[in-house]
Every structure is written in C-alpha cells, then in structure tokens.
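*Asks:* Take 4 as the starting number for the sequence shown in the working numbering and just add one per residue. First the structure, then my questions, so here it is.
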Amino acid sequence: MMLAYLPSPSQGVWHLGPVPVRAYALCIIAGIFAAVWLTGRRWAARGGNRDDIADIAVWAVPFGLLGGRLYHVITDPELYFAAGKQPIRALYIWEGGLGIPGAVMLGAVGAWLGCRRRGIKLADFADALAPGLVLAQAIGRWGNYFNQELFGGPTHLPWALRIDAAHRPDDSPGVALYHPTFLYESLWDLGVMALLLLLDRRYGVRRGRLFACYVLAYTAGRAWIEALRIDHANHFLGLRLNDWVSAVLFTGALVYLLATRNKRADDAPMDPAPAAANASGAATDPVRAEDSGKATEETGAEAPDGDDAGPDPAACENPVPEGGVRARAGRDGSGRR
C-alpha cells in the first residue's frame, strides 16, 4: 500500500457558461507571459527597448504554436489520420499535443521576422530570450499534469503520480502510480534557467552562444526523460523520434559553440538599435559627434549642459557597429544605458 503519492487534478477544464477554460491552455499562456516578462527585463538590462520584445513576440508566439502543433501531428500522424480517427482534431491544440522542438524551430522563424522589423540581430535576441524560453517550458509542462498525459512508467517512489483509470495505458489498467515526467522536466527546465543566468552573469556569453547552451542543456535532459516515458511514440532504429531530433539539435549546438569559442571580441553588451535611438532624437553617429566637437573647439563656443550635451567620449571611442551593439560604458543621447 502506497502511503505517499502525487494526486492528479480532479479536472482540467472549467466552464464559464458555454466557454470552456482549459488548464492546458492557461499553462501555455502563463508560460508565454513569463517568457516575455523575463526577456524584456534582460533586454532592457542590455540597453535595449522593452517594446522590442512585445513586437517580436507578436511574430514568434504564433509561429511557435504552429510549429509545435505541426511537429506533433507530423511525428504522430496516426493519431489523427488513421482509419476511424478524426482529422479535424489535428487542429484542436487545446486538447494537448505541442512538440517543443517544432515550437522552437518555427518560433525562431517568427522571431527572425520580428527582429528584422526592429533592426535587431537574431543572435542577440536569442541570448536574451534563452532563460525566459526555458522558463516558459517549465510552466507549460504543467499542462500535461492537468491533462494526465505524457507520464512515465510505473513506480512506487514517494513522488509517484496517481493517474485516473480513464487515462491509464490500455495494457496496464490496474496500475495507478507512474513517474511524473512532467514534473521532472519542469524542474530540469528551472535548473537550466538558473544555469543560463549564471553563465550570462559570470561570463557574459553572447552572440548566440547562450542560446546554444540552452539547446545543449535542454536536449540533454530531454534524453533521459524520454527514456522514462511510455506514451505512444513512433520509433526509428529503436529510438523515439524525439530522441533523434534531440541528438541533431544537441550536435548542432555543440558544433556552434566550438566554432565560435574564440570570438571573444564580440562579447559586448547590447544597446538599442540605431533606428530606435534616432527616433528619440539622440545623436548616435560617433563620427558626426566627433566633428561637432571639433567645430565647438574652433569657434570657442561652450558645450551645452545636461541632456543636450553630445555623446559621452567613451561612446565616441566605441562606435556603434551595424546591428546596434555598443559597450555598456557608453550612453546614447536618451540616457539609456
């Protein structure tokens, strides 16, 4: 007799009149808001405009949701298109079924489009996003808890998850306790977030390398969690398709880190895009600022005080490269650091 276990929720959907409110959808939405909030804070700390994040999210979130659903349907087509199934249910995203690899890959396309509109380098945005993205995954995984899905094999551990009879595997209807793989992955994701924040604070990882670290850490955790899961999955050469995708992503991230390991000169903090600075009326062209300073010396005119003063000399010594990257010591005319 088990004296300790995690109970499953009594329900995963509530009704406000005729409108169903699904816990799975609420978890996804909460994760998105958490990611936007954390990414906005990190972007602002790097000298960026927090409005950039909301604008990019308008593109990245729909692409990510579409990519996650497509990945799920493509890797498990028999769930919707086999004989006796209802193909229309492939569109029922609220019932569960989002593949994180697909969400990240197609979401990156949406983020790229948003970054182009704001004049931001995708790699810079990806580094700011990485901790928030894995936080969103940690929150979103609780949707599986409310749906009583994607759990692991039977276990008698004190933290075993009790699954209702209606959601148990057909081959083991009498087994009630299973590994809570949703919880394992959620905790792993929180650990990855803490690791990324530590790496960023201590080493200032930039130019897409922090995002590559996220891919490495997440896929490494996904490997052992997939080994515990017993839900339906298609296999190739004895491995689940998710394992193969994780292996490819892990390898790609590792190759990227190795290929860029000596590019230390690029590790400069972020500043707003030049277009955003120009919109605020700031003098962002260091060459133009230097010429203005020379003209002041020749005419003997005094430089204006306060916010009307020209750029900080430190900013002139470190011109803004194309893409809006500047050393943290510089200020633009709007006072943003």
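The beta-carbon is built from N, C-alpha and C at its ideal position, and this holds for glycine as well. Since this is a predicted model, take the numbers as computed values, not measurements.
Using CA atoms only, rank isn't needed, just tell me which of LEU101, ILE123, TRP46, LEU244 is closest to ALA133.
*Replies:* Position 130 of the sequence shown, counted from the first residue, corresponds to residue 133. For the residues LEU101, ILE123, TRP46, LEU244, the minimum Cα distance to ALA133 belongs to TRP46.
*Asks:* Kindly indicate the opening and closing residues of the alpha helix (DSSP H) around TRP17.
*Replies:* Sequence index remark: in the sequence shown, residue 17 carries index 14 (1-based). Counting along the chain, TRP17 falls outside any alpha helix (DSSP H), though it belongs to the beta strand (DSSP E) covering 16-19.
*Asks:* Less than 6 Å between C-beta atoms, sequence neighbours within five positions excluded: which residues of the same chain meet that for ALA141?
*Replies:* Position 138 of the sequence shown, counting from 1, holds the residue named residue 141. SER189, ASP192, LEU193.
*Asks:* Which residues in the same chain as TRP115 place their Cβ atom closer than 6 Å to its Cβ, once the five residues preceding and following it in sequence are excluded?
*Replies:* To locate residue 115, count along the sequence shown from 1; it is residue 112. These residues qualify, in order along the chain: LEU125.
*Asks:* Taking a contact to mean a Cβ-Cβ separation below 8 Å, would you say GLY146 touches GLY110 in this structure?
*Replies:* As a working note, residue 146 is residue 143 in the sequence shown. As a working note, residue 110 is residue 107 in the sequence shown. No; because the gap between Cβ atoms is not below 8 Å, this pair is not in contact.
*Asks:* In three-state terms, what does DSSP make of PRO157?
*Replies:* As a first step, residue 157 is located in the sequence shown; it is residue number 154 there, counting from the start. If DSSP states are grouped into helix, strand and coil, PRO157 belongs with the strands.
*Asks:* Using a Cβ distance threshold of 8 Å, determine whether the stretch 69-79 contacts the stretch 158-174, with at least three qualifying pairs required.
*Replies:* These segments do not touch.
*Asks:* Have a look at TYR181 and ARG25 and give me their C-alpha separation to the nearest angstrom.
*Replies:* Counted from its first residue, the sequence shown places residue 181 at position 178. Counted from its first residue, the sequence shown places residue 25 at position 22. Between TYR181 and ARG25, the C-alpha separation is close to 23 Å.
*Asks:* Is it right to say ASP274 is buried, meaning 16 or more other beta carbons lie within 10 angstroms of its own, or is it exposed?
*Replies:* Along the sequence shown, read from residue 1 onward, the residue named residue 274 stands at position 271. Confidence at ASP274 is low in this model, with a pLDDT of 49, below 50, so its placement is unreliable and no value can be given for it.
*Asks:* Please report the distance separating the alpha-carbon of LEU160 from that of ALA230.
*Replies:* Within the sequence shown, numbered from 1, the residue matching residue 160 stands at position 157. Within the sequence shown, numbered from 1, the residue matching residue 230 stands at position 227. The alpha-carbon atoms of LEU160 and ALA230 are separated by roughly 17 Å.
*Asks:* Using only the alpha-carbon positions, how far apart do VAL208 and GLY50 sit?
*Replies:* As a first step, residue 208 must be located in the sequence shown, where it is residue number 205. As a first step, residue 50 must be located in the sequence shown, where it is residue number 47. So the alpha carbons of these two residues sit roughly 16 Å apart.
*Asks:* Based on DSSP bridge pairs, tell me the residues matched to LEU180.
*Replies:* Taking the first residue of the sequence shown as position 1, residue 180 is located at position 177. LEU180 pairs with ARG165.
*Asks:* Pull up the distance between the alpha-carbon of THR254 and that of LEU19, whole angstroms please.
*Replies:* In the sequence shown, counting from the first residue as 1, residue 254 sits at position 251. In the sequence shown, counting from the first residue as 1, residue 19 sits at position 16. Rounded to the nearest angstrom, the two C-alpha atoms are 47 Å apart.
*Asks:* Let me know the secondary structure DSSP gives LEU109 once reduced to three states.
*Replies:* Position 106 of the sequence shown holds residue 109. Three-state DSSP puts LEU109 in a helix.
*Asks:* Verify whether the separation of the beta carbon atoms of CYS198 and ALA220 is less than 8 Å.
*Replies:* Here residue 198 corresponds to residue number 195 of the sequence shown, with the count starting at 1. Here residue 220 corresponds to residue number 217 of the sequence shown, with the count starting at 1. A small correction: the amino acid at residue 198 is Leu; Cys does not occupy that position in the sequence shown. Cβ atoms of LEU198 and ALA220: closer than 8 Å.
*Asks:* What does DSSP give as the partner residue(s) for ARG243 in the beta ladder?
*Replies:* Residue 243 sits at position 240 when you count from the first residue of the sequence shown. Answer is HIS238.
*Asks:* If I measure Cβ to Cβ from ASP246 and keep anything under 6 Å in the same chain, skipping five residues before and after, which residues do I get?
*Replies:* Indexing the sequence shown from 1 puts residue 246 at position 243. Excluding residues within five positions, the ones whose Cβ falls inside 6 Å are GLU229.
*Asks:* May I have the straight-line CA-CA distance separating ILE35 from VAL64, to the nearest angstrom?
*Replies:* Start at 1 with the first residue of the sequence shown, and residue 35 comes out as number 32. Start at 1 with the first residue of the sequence shown, and residue 64 comes out as number 61. So the two alpha carbons sit approximately 8 Å from each other.
*Asks:* Residue range of the beta strand (DSSP E) that PRO23 falls in?
*Replies:* Taking the sequence shown and counting its residues from 1, the one referred to as residue 23 is at position 20. Start and end: 22-25.
*Asks:* Using 8 Å for Cβ pairs, my map puts ASP58 next to ARG119. What's the rounded Cβ distance?
*Replies:* In the sequence shown, the residue the question calls residue 58 occupies position 55. In the sequence shown, the residue the question calls residue 119 occupies position 116. With a Cβ gap of about 11 Å, ASP58 and ARG119 do not count as contacting.
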